[in-house]
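*Asks:* Here it is: the structure, laid out below.
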Amino acid sequence: MATPAPQAAPRVRPVPAPLLSLIVPAYNEGQRLGPSLAAMSAFFRAAGFPYEILAVDDGSTDDTAAVIAAAAAADPALRAAGYVTNRGKGHAVRTGMLAARGEYLMFTDADLSIPLSIIADFLSALRGDYDIAIASRWHPASKNAVPPPPARRAMGAIFRWCVRRLVISDVRDTQCGCKAYRAETARYLFSRSRIDRFSFDAEVIFLAARAGYRIKEVPFVLHYSPGSSVRPVRDSLLMLRDLGRIRINALRGVYGRAGAGTLARRAG
Ligand SMILES: Nc1nc2c(ncn2[C@@H]2O[C@H](COP(=O)(O)OP(=O)(O)O)[C@@H](O)[C@H]2O)c(=O)[nH]1
Ligand SMILES: [Mg+2]
153 MATPAPQAAP
163 RVRPVPAPLL
173 SLIVPAYNEG
183 QRLGPSLAAM
193 SAFFRAAGFP
203 YEILAVDDGS
213 TDDTAAVIAA
223 AAAADPALRA
233 AGYVTNRGKG
243 HAVRTGMLAA
253 RGEYLMFTDA
263 DLSIPLSIIA
273 DFLSALRGDY
283 DIAIASRWHP
293 ASKNAVPPPP
303 ARRAMGAIFR
313 WCVRRLVISD
323 VRDTQCGCKA
333 YRAETARYLF
343 SRSRIDRFSF
353 DAEVIFLAAR
363 AGYRIKEVPF
373 VLHYSPGSSV
383 RPVRDSLLML
393 RDLGRIRINA
403 LRGVYGRAGA
413 GTLARRAG
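Residue 153 is where the sequence shown starts when you use our numbering, and the numbers rise one by one after that.
Here you go:
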């Protein structure tokens, strides 16, 4: 039998590793997500560095999956991720963080209420002295171009008070939906986090403080987007219950031993 001629290796154009992975958690975002993903792709193309967008469908029951598929067809750097049963924003962000391939990993809400221009500030913090950079509505230089309605602000203020009493007091804003991490920091934090719903943010900051990661709080101009997916009563109660869980998990040693870090965080 004749030996087959050696086949030429297929020519694959090398794909540069992403500098930044942007994770977008999405639950029933059929309305808001399409324009947001298009704006994200356009932003990165103009920025000119290698990126990836991971749109994580958190078990939506509307046409979110189809919207993501259409956006992925239009941008080869956009990938769909997700699962069929709703698990919560924390689970969606964790899924994206653990699948992302960038040097820096970030997430932002589907409504783009925080301008993408914050990415320049995030990258300079992460390339400098910081492991984590977070958008902070309570930074003295932050402004509200379009403020949230009063009831929503009250809910946020009460929850913030609870976080400061129960979890961590020296980060001004744990709940803002836009944060970035060095890749190894994100992997450390998200492989240890347990909370699936909105209090994951407080848990991840708590773990970061224990590990001694340095956190930069970045100011920005908020454009509140109507049509929030948060259910005020139900989600507030779940968030409070989960804050208690963070304390209990820590006492039970679920997060392992506290890092020997110095807690040398700097509020920016
Ligand atoms: N309400 C809710 N949002 C989720 C869930 N999973 C992921 N998300 C996403 O988390 C983000 C929440 O942002 P948004 O609805 O604008 O809330 P708000 O800006 O805090 O009022 C959006 O990107 C949602 O699609 C979930 O289970 N429930
Ligand atoms: Mg919003």
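All residues carry an ideal CB built from backbone N, CA and C; glycine is no exception.
1. Between Asn-296 and ligand 1, is there a pair consisting of the residue's CB and a ligand heavy atom that are separated by less than 7 Å?
2. Across the region 286–300 and the region 392–412, are there enough close Cβ pairs to call them in contact, namely three or more that are closer than 8 Å?
3. Less than 7 Å separating the Cβ of Asn-401 from some heavy atom of ligand 1?
4. Applying the criterion that 16 or more other CB atoms from any shown protein chain within 10 Å of the CB defines a buried residue, is Val-245 buried or exposed?
5. For Pro-177, does the three-state DSSP call read helix, strand or coil?
6. Just list the alpha helix (DSSP H) runs in the region 296–341, keeping only unbroken ones of 4 residues or longer that don't cross its boundaries, in chain order.
7. Cutting at 6 Å between CB atoms, please list the residues of its own chain near Val-208, excluding the five before and the five after it.
8. Which word fits Arg-334, buried or exposed, when buried means at least 16 other C-beta atoms lie within 10 angstroms of its C-beta?
9. Give the single residue among Asp-215, Phe-350 and Ala-272 whose Cα lies nearest to the Cα of Phe-195.
10. Check whether the Cβ atoms of Gly-242 and Ile-400 lie closer than 8 Å to each other.
11. Under the three-state reduction of DSSP, which class applies to Val-219: helix, strand or coil?
12. Tell me, to the nearest whole angstrom, how far the beta carbon of Asp-227 is from that of Ser-193; I am working on the premise that it is less than 8 Å.
13. Using only the heavy atoms of ligand 1, determine whether one of them is closer than 7 Å to the beta carbon of Asp-281.
*Replies:* Result, derived from the coordinates:
1. Position 144 of the sequence shown, counted from the start, is the residue given in the question as residue 296. No; taking the cut-off as 7 Å, the Cβ of Asn-296 has no heavy atom of ligand 1 nearer than that.
2. Using a Cβ-Cβ distance cut-off of 8 Å, the region 286–300 and the region 392–412 are not in contact, since fewer than three pairs of beta carbons, one from each stretch, lie closer than that value.
3. Sequence index remark: in the sequence shown, residue 401 carries index 249 (1-based). Result no, Cβ not under 7 Å from ligand 1.
4. Here residue 245 refers to the residue found at position 93 when the sequence shown is read from its first residue. Val-245 comes out buried.
5. Numbered from its first residue, the sequence shown carries residue 177 at position 25. It is a strand residue.
6. For the region 296–341, whole alpha helix (DSSP H) runs of length 4 or above, ordered along the chain, are 302–318.
7. The residue labelled residue 208 in the question sits at position 56 within the sequence shown. Taken in chain order, the residues that qualify are Pro-177, Ala-233, Gly-234, Ala-244, Thr-247 and Gly-248.
8. Here residue 334 refers to the residue found at position 182 when the sequence shown is read from its first residue. With 16 or more other Cβ atoms within 10 Å, it is buried.
9. Translated into the one-based positions of the sequence shown, residue 195 becomes position 43. Measuring C-alpha to C-alpha distances from Phe-195 to each of Asp-215, Phe-350 and Ala-272 identifies Ala-272 as the nearest.
10. The residue labelled residue 242 in the question sits at position 90 within the sequence shown. The residue labelled residue 400 in the question sits at position 248 within the sequence shown. Going by C-beta atoms, Gly-242 is not nearer than 8 Å to Ile-400.
11. For the purposes of this step, residue 219 is identified with residue 67 of the sequence shown, where counting begins at 1. Val-219 falls in the helix class under three-state DSSP.
12. Locating residue 227 in the sequence shown gives position 75, where the first residue counts as 1. Locating residue 193 in the sequence shown gives position 41, where the first residue counts as 1. Contact check for Asp-227 and Ser-193: beta-carbon distance about 4 Å, within the 8 Å limit, so the pair qualifies.
13. Here residue 281 is taken as the residue at index 129 of the sequence shown, counted from 1. Not so, every heavy atom of ligand 1 lies at least 7 Å from the Cβ.
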